[in-house]
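Numbering (this note's numbering), first residue to last: 19 to 257.
Laid out in structure tokens, this is it:
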């Protein structure tokens, strides 16, 4: 059975204003697929992410979303701009993900609160509901931000460098969590990274941005192309 496309890019050029930084991008992200957007810093990964999210328009080309209706994205940004001087609890941060489900100024519903509770449970943070977000560790904050993204009830979960700034153990746990969520919820997932060792083994494909072009490959082909032995991945970072 053919999988339905969730997002399709046709000869897309990305950039800002009329200035293109990368062109000729053509690929489809299928429903239920786990794809990794991989490449060195400055290759245009985040710009492509923002274009898919409709934050910035493509310079040219067409992006088609599934059956034509706007796709709902759960977005975990590369850096968190939530001002930590405000005393938000972890539960309140997750609840922010439900805001798009209701009309402005409407009170939080019981269903929204139950959804936030479920998302906290899904990321293993139900015991931290009342803890202040600013007092959590880097790995715990990342789990809360993933839970907030899940609270949007996403068609596609987009994660921009989800393990940046956390310790090695937390990195491993976060990657295991993302893989578990993909499997449990049958989510379509696209993750950005510039670290080859962070790419999970069980993914569908890698969208490799390099030398001002985009190539579609898989984990085995990527390892061969980069001539990197799996045991050396922990020390391999592109800058």
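We put the beta carbon where it would ideally sit given N, CA and C, even for glycine.
These numbers were taken from a predicted model, which means no experiment stands behind them.
- Within the DSSP bridge table, the entry for residue 173 names no partner.
- With fewer than 16 other Cβ atoms from the protein chains shown falling within 10 Å of its own Cβ, residue 104 counts as exposed.
- Secondary structure at residue 48: strand, using DSSP grouped into helix, strand and coil.
- Annotation: the continuous alpha helix (DSSP H) that includes residue 156 extends over 156-168.
- Taken in chain order, the whole beta strand (DSSP E) runs of length 3 or more contained in the segment 55-96 are 78-83 and 91-94.
- Collapsing the DSSP output to three states places residue 40 in a strand.
- The straight-line gap separating the alpha-carbon atoms of residue 145 and residue 107 is approximately 12 Å.
- Taking each of 173, 139 and 210 in turn and checking the Cα distance to residue 180, the smallest one comes out for 210.
- Beta-bridge analysis with DSSP links residue 33 to 38.
- Nearest to residue 137 by alpha-carbon distance, out of 183, 167, 82 and 221, is 167.
- Put simply, the backbone Cα of residue 58 is about 14 Å away from that of residue 217.
- Between residue 127 and residue 226, the alpha-carbon positions lie close to 42 Å from each other.
- Contact between residue 53 and residue 222 holds, since their C-beta atoms are separated by about 6 Å, short of 8 Å.
- For residue 53, the secondary structure class from DSSP, reduced to helix, strand or coil, is strand.
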